[in-house]
Amino acid sequence: MGHRLLLLFSLVFPLLLLLITSSTAQTPGFVSLDCGGTDSYKDEIGLQWSPDRVTYGETASISVANETRRQYQTLRHFPADSRKYCYTLNVTPRTRYLIRASFLYGNFDDNNVYPKFDISLGATHWATIVISDANLIETRELIFLASTPTVSVCLSNATTGQPFISTLELRQFNGSVYYTEYEEEYYLSVSARINFGADSEAPIRYPDDPFDRLWESDSIKKANYLVDVAAGTKKVSTKKPIDVNRDERPPERVMQTAVVGTNGSLTYRLNLDGFPGSGWAMTYFAEIEDLASDESRKFRLVLPDHPDISKAIVNIEENAQGKYRLYEPGFTNISFPFVLSFRFGKTSDSSQGPLLNAMEINKYLEKNEGSLDGPIVGNLVSHYSFDSAQEGGDPCLPVPWSWVHCNSDPQPRIVSIMLSGKNLTGNIPSELAKLSGLSELWLDGNSLTGSIPDFTGCVDLKIIHLENNQLTGPLPSSLTNLPNLKELYVQNNMLSGTVPKGLVNKNLVLNYSGNIDLRKGSTTGSHLNIIIGASVGAAVLLIATIVSCLWLRNGKKTTHDKEQLGHSLPVQKPVASKSEAPTEAAHYFALSEIEVATKKFEKKIGSGGFGVVYYGKLKDEKEIAVKVLTSNSYQGKREFSNEVTLLSRIHHRNLVQFLGYCQEDERSMLVYEFMHNGTLKEHLYGPLTRGRSINWIKRLEIAEDAAKGIEYLHTGCIPAIIHRDLKTSNILLDKHMRAKVSDFGLSKLAVDGVSHVSSIVRGTVGYLDPEYYISQQLTDKSDVYSFGVILLELISGQEAISNESFGVNCRNIVQWAKQHIESGDIQGIIDPALRNEYDIQSMWKIAEKALMCVQPHGYMRPSISEVLKEVQDAISMEREAATLREGNSDDTSRNSAHSSLNLGNLDIIGTDNFLSIDESIARPSAR
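Per mature numbering (1 follows the signal peptide of the UniProt record, and there is no 0), the sequence shown runs over residues -25 to -1, 1 to 902.
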């Protein structure tokens, strides 16, 4: 059977499996792959590197200034298609590992299109790799407990550019340094590993760290890393040896440096990649200063929203039982925000400020167990090493293998096997019959031999294609037991015997022609079936095909003729929702109706470059807003027709509802639902701000509503719609203060398959995408830029353009806000009207996402869907913070229940029911 399976699958997989051993590594359990490299070598720090030696993908050589390491001179890249590309490495089950992947773009494709793609570990989505600098190395690390003999790292789902990889490294741990009680269900995704007081910007790694962890210098300021250092922070170091207890702790060289808060405080802010969520965190202390007998160092860790944690006192020398010894309090389950602000503050009876040597923070990443059929298919192929490449990872997740289709269940099953024309030989493996969710099996056009196996276990099988092989034996009667079988093709084989009666009598398309020794049995009943045998089959099929084509042709013609009868403004190609059929043409209002509703345009409620807006009320008491177009030029009429065409076909609760139009007496009017609370602009810095400024949570909810409307335009319409004039005056608020996007007069339809739309630049100064302005090439990222400006307005309460608000030589909110945010001074831009009633973490999250939106180039900006997710996360953070604030103010006695502490290990006493992995209070422990 093994030989037959080998023959079957040896030519099946058009992609990849790479089985890597550690035979060339100088340390057991070390694998260092130079992706795209050509030979083995030892680098400058003594690590042995091997080429990945794979036949899939393509290699490229790059040259990046100031990067001389050999492993970063090459890379391997893959097509930007729907497949995944995997490396599969050997591991030892029940052993913990660190796996590290790094990516240096270096403009290898000469396109200057920064790639964005996913990386996964087996079936688990690990991270999305977003390249924002061609000369910057992106690194991702994951700590995991191996449960199988191999582990696969896969690249897939390219959004822009091509997936690529520079290095892939595996590092084995000796023992339980990273043990957690959750490791069977969760991985640890490394978010921060910081060496405080570092004497250079280079990370400390092997050979100082025998496990080759990267201890990043605290002197490096980069995105998603250390930001904000308190005044008075001083570096200290020693040459004396440090007792780190075991080699799995931070290396001695890391513990020989530290920072001290000479003003009594160490304050930091970190952007934690992958958070908010539950995490694992450890701090590492060693007293490396020789304090006098009358001097002491005592301090507390202060975490926002964790008042109980802030009660524990650290005395390093006492806790570690001596100087120059490691003490490592930490938390194996604690909830962290995206932006972590923390402080170490000295106690009132301490003469010295706090000291900090190192810190690690990892995020719990929930494992995906993969498809239910993964073990079956895995057992089918894992025992064999093939000359040709094969696909690794899970057969269904995160994307399926090229030759299988899977259902959409959370734990999916394989529903189709597509192996037509793959030059397969040998028997059909009986293991395929164990795929209980299988509905289609395509093995036609190969050289398979032997008999047809029993597929009774595949009760969902509907289609079986086994034609054009060399199969022998009878047509199994077990096929009659498949209740859903609709098509069975076995023609042009060497089958013999009689077609089972159950198949003849079944409502089934059956083709067994070309089997000279296979005969048809007797038939009974009146089921509608098509039985094709001998040479007559081809003629029957030909006739059926001709009839079907004629019917389809006539049907299409009829439909086309009917479409020609429609009466709507033929301005642009119709837009349809992906989930709804196109609606009928817009309602037409007579001018007399409009005049009655508006009392002859009595009440003016707005104006702009387009014209004037009037309030009205229809006969059914429905309140309306009537926009009267000022310009009657060709351009004005074109924009009017554009808006009518678009609005009559799109419907979303976060888009202002379009009710109809009027064109009469050389006047053009648009009729909308009336929005009772005006524009967002009026509430931020207009007449409606007096005495009732909207709070931060409401601003976030408005941003969420507007982002949903824009997301619908970008992803929910076919083709996509680019608004082109997003601004606070085009975001309207209803009576419940829910936001809706308005004004589509400048909108453009995106063209399928085209990355941009060439367009004369239109829009509003202050919100206009500078790249669009220069290139006149409009993309959905132009809307994202405008939305980033709106986010900055929501934070600051300032207009996009101002001659007075932003200081000398600065009229633009983007330039002004960027200076403050990048220097860590977010307080300098927050609207005073918010009166400190906000969570600083959610504020930082929105500020940093806004800066991403207003990046100078479109490919550097997130999609509106990504922005929407960040806004929703910020809302969740704000609500949780508000709940905690209310709880802390209402129940101070609850916090006092945690006041009894064991100072030796920071264990909190009095809480018997610590929360689970996804909750917000953590158990601290010293390992």
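The beta carbon of each residue, even a glycine, is placed where N, CA and C say it ideally should be.
Subject >> Between the CA atoms of Trp190 and Val219 - distance to the nearest angstrom >> reply: On the sequence shown, residue 219 is found 244 positions in, with the first residue counted as 1. On the sequence shown, residue 190 is found 215 positions in, with the first residue counted as 1. Val219 and Trp190: Cα-Cα distance of roughly 15 Å.
Original post:
Sorted by chain position, which residues of the same chain lie with C-beta nearer than 8 Å to Ala295's C-beta, five sequence neighbours on each side aside?
Top reply: Along the sequence shown, one-based indexing puts residue 295 at 320. Correct list, in chain order: Phe260, Ala261, Glu262, Leu301 and Tyr302.
Subject >> Where the alpha helix (DSSP H) containing Val764 begins and where it ends >> reply: Numbered from 1 along the sequence shown, position 789 holds the residue referred to as residue 764. Note, Val764: alpha helix (DSSP H), Asp755 to Ser771.
Original post:
With Thr654 and Ser704 assumed to form a contact (beta carbons below 8 Å), what rounded beta-carbon distance in angstroms separates them?
Top reply: Locating residue 654 in the sequence shown gives position 679, where the first residue counts as 1. Locating residue 704 in the sequence shown gives position 729, where the first residue counts as 1. Between Ser704 and Thr654 the Cβ distance is about 5 Å, and since that is below 8 Å, they are a contact.
Original post:
Going straight from the alpha carbon of Ala35 to that of Glu176, what length do you get?
Top reply: Numbered from 1 along the sequence shown, position 60 holds the residue referred to as residue 35. Numbered from 1 along the sequence shown, position 201 holds the residue referred to as residue 176. So the alpha carbons of these two residues sit roughly 28 Å apart.
Subject >> Gly477 (DSSP reduced to helix, strand or coil) >> reply: As a working note, residue 477 is residue 502 in the sequence shown. Residue state, collapsed to three classes: helix.
Original post:
Which word fits Arg642, buried or exposed, when buried means at least 16 other C-beta atoms lie within 10 angstroms of its C-beta?
Top reply: Numbered from 1 along the sequence shown, position 667 holds the residue referred to as residue 642. Label assigned to Arg642: exposed.
**OP:** Can you give me the start and stop residues for the alpha helix (DSSP H) that Gly825 sits inside?
**Re:** By 1-based counting over the sequence shown, the position of residue 825 is 850. Reading off the sequence, residue 825 comes out as Ala, not Gly. Ile815 to Cys828 is the span of the alpha helix (DSSP H), which, as asked, contains Ala825.
Original post:
So what's Ile118 in DSSP terms, helix, strand or just coil?
Top reply: As a first step, residue 118 must be located in the sequence shown, where it is residue number 143. Strand at Ile118.
**OP:** Run through the region 226 to 267 for me and flag every whole beta strand (DSSP E) of 3 or more residues, listed as ranges in chain order.
**Re:** 232 to 236, 240 to 246 and 252 to 259
Original post:
So, using beta-carbon positions, are Ala600 and Val588 closer together than 9 Å?
Top reply: Stepping through the sequence shown from its first residue, residue 600 is reached at position 625. Stepping through the sequence shown from its first residue, residue 588 is reached at position 613. Going by C-beta atoms, Ala600 is nearer than 9 Å to Val588.
Subject >> Ranges of the beta strand (DSSP E) found wholly within the region 442 to 466, counting only runs of at least 3 >> reply: 462 to 464
Original post:
Considering Arg674, what are the terminal residues of the beta strand (DSSP E) in which it resides?
Top reply: Within the sequence shown, numbered from 1, the residue matching residue 674 stands at position 699. Segment Trp671 to Thr690 is the alpha helix (DSSP H) holding Arg674; no beta strand (DSSP E) there.
Original post:
What residues match up with Ala102 in a beta bridge as DSSP calls it?
Top reply: Walking along the sequence shown from the start, residue 102 turns up at place 127. Paired residues: Ile94.
**OP:** Report whether the distance from the Cβ of Lys476 to the nearest heavy atom of the ligand PLP is below 8 Å.
**Re:** With respect to small molecules bound, the structure shown includes none, and the ligand PLP cannot be examined in it.
**OP:** Indicate the three-state DSSP secondary structure (helix, strand or coil) for Arg45 in the structure shown.
**Re:** Taking the first residue of the sequence shown as position 1, residue 45 is located at position 70. Three-state result, Arg45: helix.
Subject >> Closest Cα partner of Asn398 within the set His658, Thr99 and Leu423 >> reply: One-based indexing of the sequence shown puts residue 398 at position 423. For Asn398, the nearest C-alpha among the options comes from Leu423.
Original post:
Touching or not, the region 440 to 447 and the region 408 to 422, by the rule of three or more beta carbon pairs under 8 Å?
Top reply: yes
**OP:** Just mark Arg28 as buried or exposed, buried being the case when its beta carbon has 16 or more other beta carbons within 10 Å.
**Re:** Stepping through the sequence shown from its first residue, residue 28 is reached at position 53. So Arg28 ends up on the exposed side.
Subject >> The alpha helix (DSSP H) enclosing His795, as first and last residue numbers >> reply: If you number the sequence shown from 1, residue 795 lands on position 820. Its alpha helix (DSSP H) spans residues Ile788 to Glu797.
**OP:** Can you grab the Cα-Cα spacing for the pair Leu73 / Arg45, in whole Å?
**Re:** One-based indexing of the sequence shown puts residue 73 at position 98. One-based indexing of the sequence shown puts residue 45 at position 70. So the two alpha carbons sit approximately 22 Å from each other.
**OP:** Could you check what DSSP says for Gly401 in three-state terms: helix, strand or coil?
**Re:** Here residue 401 is taken as the residue at index 426 of the sequence shown, counted from 1. The answer is strand: DSSP assigns Gly401 an E or B state.
**OP:** Measure the beta-carbon distance from Gly412 to Leu446 and round it to whole angstroms, keeping in mind my assumption that it falls under 8 Å.
**Re:** In the sequence shown, the residue the question calls residue 412 occupies position 437. In the sequence shown, the residue the question calls residue 446 occupies position 471. 24 Å between Cβ atoms; not a contact.
Original post:
What did DSSP end up calling Met334 once you bin it into helix, strand or coil?
Top reply: Taking the first residue of the sequence shown as position 1, residue 334 is located at position 359. Strand, per DSSP.
Subject >> Within 9 Å, strictly: CB atoms of Pro90 and Ala40 >> reply: What you label residue 90 is simply residue 115 of the sequence shown in a count that begins at 1. What you label residue 40 is simply residue 65 of the sequence shown in a count that begins at 1. No, the Cβ-Cβ distance between Pro90 and Ala40 is not below 9 Å.
**OP:** Report all residues from its chain with a CB closer than 8 Å to the CB of Lys592; omit the five preceding and five following residues, and keep chain order.
**Re:** Working through the sequence shown from its first residue, we reach residue 592 at position 617. Closer than 8 Å at the Cβ level, and outside the excluded window around Lys592, lie Ala572, Glu598 and Ile599.
Subject >> Start-to-end residues for the beta strand (DSSP E) that takes in Pro26 >> reply: Here residue 26 refers to the residue found at position 51 of the sequence shown. First-last of the beta strand (DSSP E) with Pro26: Gln23 to Pro26.
Subject >> Start-to-end residues for the beta strand (DSSP E) that takes in Glu648 >> reply: Counted from its first residue, the sequence shown places residue 648 at position 673. Start and end: Arg642 to Glu648.
**OP:** Take Pro178 and list the residues in its own chain whose beta-carbon comes closer than 8 Å to its own, dropping the five residues that flank it on each side.
**Re:** For the purposes of this step, residue 178 is taken as the residue at position 203 of the sequence shown. Cβ within range, chain order: Asn170, Leu189, Trp190, Glu191 and Ser192.
Original post:
Do the region 65 to 72 and the region 89 to 104 touch if we need at least three Cβ pairs shorter than 8 Å?
Top reply: no
Original post:
For residue 914, does the count of other Cβ atoms within 10 angstroms reach 16, so buried, or fall short, so exposed?
Top reply: Outside the modelled stretch of the chain, which goes from -25 to 902, sits residue 914, for which no answer is possible.
**OP:** Flag this pair as yes or no: are the beta carbons of Leu331 and Thr258 separated by less than 9 Å?
**Re:** For this step, residue 331 is matched to residue 356 along the sequence shown. For this step, residue 258 is matched to residue 283 along the sequence shown. A contact, by the Cβ cut-off of 9 Å.
Original post:
How many angstroms separate the CA atom of residue 935 from the CA atom of Lys756?
Top reply: In the structure as shown, the chain begins at -25 and stops at 902. Residue 935 is therefore absent and cannot be evaluated.
Original post:
Excluding five sequence neighbours on each side, which residues of the same chain lie with their C-beta closer than 6 Å to the C-beta of Pro138?
Top reply: Counted from its first residue, the sequence shown places residue 138 at position 163. Once the five neighbours on either side are set aside, the close Cβ partners of Pro138 are Phe53, Phe92 and Leu130.
Original post:
Are three or more beta carbon pairs between the region 52 to 67 and the region 119 to 126 nearer than 8 Å?
Top reply: yes
Original post:
Secondary structure at Gln751, three-state DSSP: helix, strand or coil?
Top reply: The residue given as residue 751 occupies position 776 in the sequence shown. Of the three classes helix, strand and coil, the one that applies to Gln751 here is coil, per DSSP.
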